[in-house]
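Working notes, beginning with the structure itself.
There are 4 protein chains.
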Amino acid sequence: MILQLSKTITGQEKAQAINTIESIGYQVNEVRTQFGHYLIAVGKKEFDIRKIGHLKGVHDLHRVTDPFKLVSKKWRVHDTDINLGDGVHINRQSFSIIAGPCSIESEAQTAVTIEHLKTNNIRMMRGGVFKPRTSPYAFRGVGLEGLKQFSAQCREAGIKVVTEVMQVSQVAEMHDYVDIFQVGTRNAQNFNLLDELGKTDKAVMLKRGFSGTIEELLQAAEYVFSAGNEKIILCERGIRTFETAYRNTLDLNAVPILKEKSHLPVIVDPSHGVGLRNYIEPMALAATMAGADGIIVEVHNCPEKALSDGQQTLNYSEAQQLYHRLRQTFSLRRSFSIHH
Amino acid sequence: MILQLSKTITGQEKAQAINTIESIGYQVNEVRTQFGHYLIAVGKKEFDIRKIGHLKGVHDLHRVTDPFKLVSKKWRVHDTDINLGDGVHINRQSFSIIAGPCSIESEAQTAVTIEHLKTNNIRMMRGGVFKPRTSPYAFRGVGLEGLKQFSAQCREAGIKVVTEVMQVSQVAEMHDYVDIFQVGTRNAQNFNLLDELGKTDKAVMLKRGFSGTIEELLQAAEYVFSAGNEKIILCERGIRTFETAYRNTLDLNAVPILKEKSHLPVIVDPSHGVGLRNYIEPMALAATMAGADGIIVEVHNCPEKALSDGQQTLNYSEAQQLYHRLRQTFSLRRSFSIHH
Amino acid sequence: MILQLSKTITGQEKAQAINTIESIGYQVNEVRTQFGHYLIAVGKKEFDIRKIGHLKGVHDLHRVTDPFKLVSKKWRVHDTDINLGDGVHINRQSFSIIAGPCSIESEAQTAVTIEHLKTNNIRMMRGGVFKPRTSPYAFRGVGLEGLKQFSAQCREAGIKVVTEVMQVSQVAEMHDYVDIFQVGTRNAQNFNLLDELGKTDKAVMLKRGFSGTIEELLQAAEYVFSAGNEKIILCERGIRTFETAYRNTLDLNAVPILKEKSHLPVIVDPSHGVGLRNYIEPMALAATMAGADGIIVEVHNCPEKALSDGQQTLNYSEAQQLYHRLRQTFSLRRSFSIHH
Amino acid sequence: MILQLSKTITGQEKAQAINTIESIGYQVNEVRTQFGHYLIAVGKKEFDIRKIGHLKGVHDLHRVTDPFKLVSKKWRVHDTDINLGDGVHINRQSFSIIAGPCSIESEAQTAVTIEHLKTNNIRMMRGGVFKPRTSPYAFRGVGLEGLKQFSAQCREAGIKVVTEVMQVSQVAEMHDYVDIFQVGTRNAQNFNLLDELGKTDKAVMLKRGFSGTIEELLQAAEYVFSAGNEKIILCERGIRTFETAYRNTLDLNAVPILKEKSHLPVIVDPSHGVGLRNYIEPMALAATMAGADGIIVEVHNCPEKALSDGQQTLNYSEAQQLYHRLRQTFSLRRSFSIHH
């Protein structure tokens, strides 16, 4: 159960509300975000909702039977709009494209990427500076100094920065240089990191764990929201199955389900999903038709020379064709007036 | 290695060809289909292809390194067209829709389905008469007599019959009443059944095993082809994974991969795939954008009363909207001139 | 619900019983096996059991809430004993070892295997004569004639024959030469084959589908039992997962669960399970400790030259050590008086 | 390739060694642990090993073709012994039992657990103080203050403390109160945490990710080792598959494989593995026979009242029987002189 508190609620009124809920055997969690103030009541007993219907200072009250609460569509009728500033939004009315290399490599490479993005009217650049690598001996990214350079170039060009954060202490260090903190698939249940990201005012993109269920992804989002941050983007990026013909099983089934269960925007990563260059375009177009609100895709001026993930990275000409087709596909989907 | 034999090859020339191939340590399998006559040579040794380049009666010769041979795109440049007669085809130039109830129930219900199909310009009806059921105590279908009735009604209406065959002895019994034999996911590696279907002249639709790899699906097709039948349709219908939010993980990644690896048409079954009515449309549209050559979908005039699979079955008005959108989506995809 | 009918039930009494059950909204299936006569009532309504408690000709009545009925331990308190004759049994009081090559190859090879078995006091030999192969071009076994030779040699030596049946028509052909019909993992849901095996008087060993659930294995057993054959052995042989370090994930968790849910004996196949020679022994011993009633294992006088599955086959000296250790391990387990 | 450096190597000799290796196109990582000093050379080129055979200050040199290096058995012939002090070891010569509640609850409950352990001659207690929970609203453990109390009680009783660490900053905070840092399945690829644990002198128990491969577990161990800590214990705790009859698929196949590939001790967690109280004993005994060097198991004086995981927790009388049988089983296995 979610109680939306009024902005003018007094301490006494809040204490009264908490008391009342606890008296029916429910546990109460107070949540204060950028946009709202809530009490989350968790419990199993049946009770007469009229008992708590007339609490002072309580703006509205919603029963949510899902295991996740604040990220559920059951209480919030309008979909979440993530406003990144300068006219850049991620939401269900538009189609967002985030593109860039797997790893940030150099100032020159960032420059050429930015040019490619601007040519194609793309406002968000991805690029890893801290890279989670299976082997401790592999390249782990250019680090914080690299991020500062990457960020400066993007700011100059009016491009938003999307990059992965791997641990709690990096959140503060990276904060000023990032527009969307990306949480990778291996940290999908790193609950301390999720808590910490809940305390920031920057947007957070949560990748589904490669063996995480749809419900676990929504619970991860609940961590961030309940710690104070409503700016959350969900990202399907492929799950681990028995099939070995491709890198991961991009699970497009998750897209309409996430959109029905949650009010958060849903984007898809076909690069890590199917993971093979030839299949990125069909899977990205399919994702769009399945209802994705955007795509995050790996592009590089010379995929063969990329420091990581070259086999799943598009070159600029392939990418350009993809952007064009994505927009046409989204346009057709929108004409169906389907919000799936 | 595939040797396409000329129509006029003599017994002596064939013996000579077999001898030559065996002499380089390869095992030879002779295949005779509706449309061709082949020798399939299987082995691992490296050899000088010029040794066998000038065999008499050999029209053409192709190295195929895939584990599957005749169904591989490596030797056949043109895609397979399945001609069902009366102007009904399944191929990569058109978009095929197969619709109908999970189970055939009654003459009346078939009649109303046929009317629905005709209204929507659909030429192929699905409907099970032999139903594989997990429990021996569940409804197992109306059987052969039901098929005869179903088939008579379809023939009358110019509709092609698509229905599941479960065992070898049914192939002959069902032959005259069927246009496409469907092999279900549980029989995906029933090799005797595949062999038997290789001897028929009717088209065969192979569903991927719910835990079958893409390569195993292609090997199943190789069974049918090598036993004499080139009329094969591949069908992705969802795989079994850890996710429980839906029925099966419809694996759209398989679509572009199957189309790249094989010359056979590829259709998708979103009804068994995601398995929940609300998500059939987005997944069907996504499949189309991923490159599917068609869709097989469960529809019923009253899904709530269907004898099986009601929760994944569309009603006629939902279905009508879907057909319309599928055709628009295919049209957009075709405008991309992509053959993925 | 299971109604055990008395041997002297009259036609009228049976009709009366069926009527009564149907009148409470349950569907009735009559089952007649080698050992019993049952009515299986399937339905969902709650009802007063006293209503049907005093039916004439009904020996006993058991509520079974499992989806499978006759194979459930909920109604049969004593565990099933499979009597193969000549003092050979498979049951929970003893530990059964079945050994032999993957494929029957020749009279000489069968002879040497039999000698190995006799030396080690083993009474059951496995060996495939019909081999399910992923590729249609691979060796498919020595066939029926090979089976006759194999069987003759075993009969001569007092050894029971365990071999795979792949299709309905083979059941009659193979009947006289087989002691245990083995149903392979790819036919785990070949319901027609299961039905046909229900009509035979020979024992049936059901391998779990490589992506079959424990419940599906029990439902497959229910098919055989409800078609008339109570002589069923369950076999865990590994499932398909994301792990590629071995052939299949031998799922020993299934062993104690199957033993708790069903009264049927449970054996384990470590050869197909882990699928790598070095790990056969530890997994076989582990299976024994997990509660397995026996092991089916691939052995060959020269695994390197076996026609199939050499990499997972033990040589005679490895096998001999294994048998010895299996028996010691079973002896320790028995001392725990645990029937898991 | 691993170069073991001599204790007396000079700076100049090391620089010379690094130069030589880099000159053949290999990348060099220097590793300094509690027990050794190594250079790890990673590369793909073939080269003449004699070129680097006579480097001064290099004690020994090992080619390791595995993707993991320092944890591989290919270079270290003797198995690792984890010495926890006071005569408590984890290694392959003995069988270790770690027992305790899922969560530390209170001083009284710790006291009763310690008494249970002492009665049964168990020297290591498990108990979570920081609990990773899927929902942000669930109980997250008694925290650092709880750990201090728990640790003080254990120290008093001569019992070693095994508890989960969830993030980098906790490593220092928890250090003085912990004997074995446990890394949970959700942090199996939290590379920053692994790095940090590499800098501590305490033992680290790595749980396999619930969808982690065996190789990924070994790579996680490589992170810890290469960051400076050789005291690593591997733990199999079940993987996520399609089966829903139990909590996780405890993958005992991993046990003999890990023992063959690595020199580190391997323990098994049947509580999280199969996850159902009735099956803990058979799976624990099976793990022992598969070659496990120990077991970590959840016990509670009153499982029904445990704050978490009650359904998979043994009571003291069940546990006592288990310990006894584990020791008998290990004793039998040791009599086989098998080191699997």
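Chains as they are written, first to last, in numbering that gives the first Met the number 0: chain E, 0 to 339; chain A, 0 to 339; chain U, 0 to 339; chain F, 0 to 339. For glycine and all other residues, C-beta sits at the position ideal for the given N, C-alpha and C.
Query	Result
Could you give the distance in angstroms between the alpha-carbon of residue 339(A) and the alpha-carbon of residue 264(F)?	Note on residue 339(A): pLDDT 45, under 50, position unreliable in the model; no value is reported.
Taking just the CA atoms, how far does residue 259(A) sit from residue 51(A)?	28 Å
Indicate the three-state DSSP secondary structure (helix, strand or coil) for residue 339(A) in the structure shown.	Because the pLDDT of residue 339(A) is 45, which lies under 50, any placement of that residue in the model is unreliable, and the number read from its coordinates should be weighed accordingly. Three-state result, residue 339(A): coil.
Comparing C-alpha positions only, which one of 191(E), 268(E), 238(E) and 82(E) sits nearest to residue 178(E)?	82(E)
For residue 123(F), collect the residues of the same chain with a Cβ closer than 6 Å to its Cβ; drop the 5 residues on either side in sequence, then sort them by chain order.	97, 159 and 161
Whose CA, out of 198(U), 135(U) and 214(U), lies closest to the CA of residue 215(A)?	135(U)
Shorter than 7 Å from the beta carbon of residue 338(F) to some beta carbon of chain A?	Note that residue 338(F) scores 48 on pLDDT, short of 50, meaning its location in the model is unreliable; the coordinates nonetheless yield the value given after this. It does not; no Cβ of chain A falls within 7 Å.
Taking residue 207(U) as the query, report the chain E residues whose CB atoms sit under 9 Å from its CB, ordered along the chain.	By Cβ distance, chain E contributes nothing, its closest Cβ being about 15 Å from residue 207(U), past 9 Å.
Looking at the unbroken beta strand (DSSP E) that takes in residue 231(U), where does it start and where does it end?	231–235
Using CA atoms only, rank isn't needed, just tell me which of 327(F), 206(F) and 221(F) is closest to residue 378(F).	Only positions 0 to 339 of chain F appear in this structure, which leaves residue 378(F) out of reach.
Which chain F residues sit within Cβ distance under 7 Å of residue 184(A)?	Residues of chain F passing the Cβ test: none, with the nearest at roughly 14 Å.
With DSSP as the reference, identify every bridge partner of residue 59(U), one or two as the case may be.	3(U)
Three or more beta-carbon pairs under 8 Å between the region 93–112 of chain A and the region 241–256 of chain A, yes or no?	no
So which residues on chain E does residue 239(U) lean against when the C-beta distance must stay under 7 Å?	241
For the region 320–338 of chain E, which residues have a CB atom closer than 7 Å to at least one CB atom of chain A, in sequence order?	324, 327, 328, 331 and 335
With distance defined between alpha-carbon atoms, name the residue in 34(E), 1(E), 11(E) and 44(E) nearest to residue 27(E).	1(E)
For residue 24(U) and residue 137(A), what's the separation of their Cα atoms in angstroms?	15 Å
Consult DSSP for residue 313(A) and reduce its assignment to one of helix, strand or coil.	strand
Can you name the residues of chain F whose CB is closer than 7 Å to the CB of residue 219(U)?	Residues of chain F passing the Cβ test: none, with the nearest at roughly 15 Å.
For the alpha helix (DSSP H) holding residue 111(U), just list the boundary residues, first then last.	106–118
Determine whether the beta carbon atoms of residue 312(F) and residue 299(F) lie at a separation below 7 Å.	yes
Whole beta strand (DSSP E) runs in the region 128–164 of chain A with 3 or more residues, listed along the chain?	159–163
Have a look at residue 327(U) and residue 236(U) and give me their C-alpha separation to the nearest angstrom.	22 Å
To the nearest angstrom, how far is the alpha carbon of residue 18(U) from that of residue 40(U)?	11 Å
Could you check whether residue 170(F) and residue 144(F) sit closer than 7 Å to each other, using their CB atoms as the reference points?	no
Using a Cβ-Cβ cut-off of less than 7 Å, list which residues of the region 30–44 of chain A approach chain D; keep chain order.	The chain inventory of the structure shown lacks chain D, comprising the protein chains E, A, U and F.
Counting along the chain, where does the alpha helix (DSSP H) carrying residue 340(U) start and finish?	Because chain U is modelled from 0 through 339, residue 340(U) falls outside the range shown and cannot be assessed.
I'd like to know if residue 167(A) contacts chain U, where contact means its C-beta is closer than 7 Å to some C-beta of that chain.	yes
Let me know if residue 277(F) comes out buried or exposed under the rule of 16 or more other beta-carbons within 10 Å of its beta-carbon.	exposed
Chain E partners of residue 214(A), CB-CB under 7 Å?	244
Taking the alpha-carbon of residue 146(U) as reference, which of 183(U), 330(U), 166(U) and 105(U) has the nearest alpha-carbon?	105(U)
How many whole angstroms separate the CB atoms of residue 167(U) and residue 181(U), which I take to be in contact at a CB cut-off of 8 Å?	Not confirmed; about 15 Å, so no contact.
Which residue's Cα is closest to the Cα of residue 85(E): 157(E), 113(E) and 120(E)?	157(E)
So which of 335(A), 331(A) and 325(A) has the shortest CA-CA distance to residue 119(A)?	325(A)
Using the three-state DSSP reduction, which class does residue 77(E) fall into: helix, strand or coil?	coil
At a CB-CB cut-off below 7 Å, which residues of chain E make contact with residue 191(F)?	165 and 166
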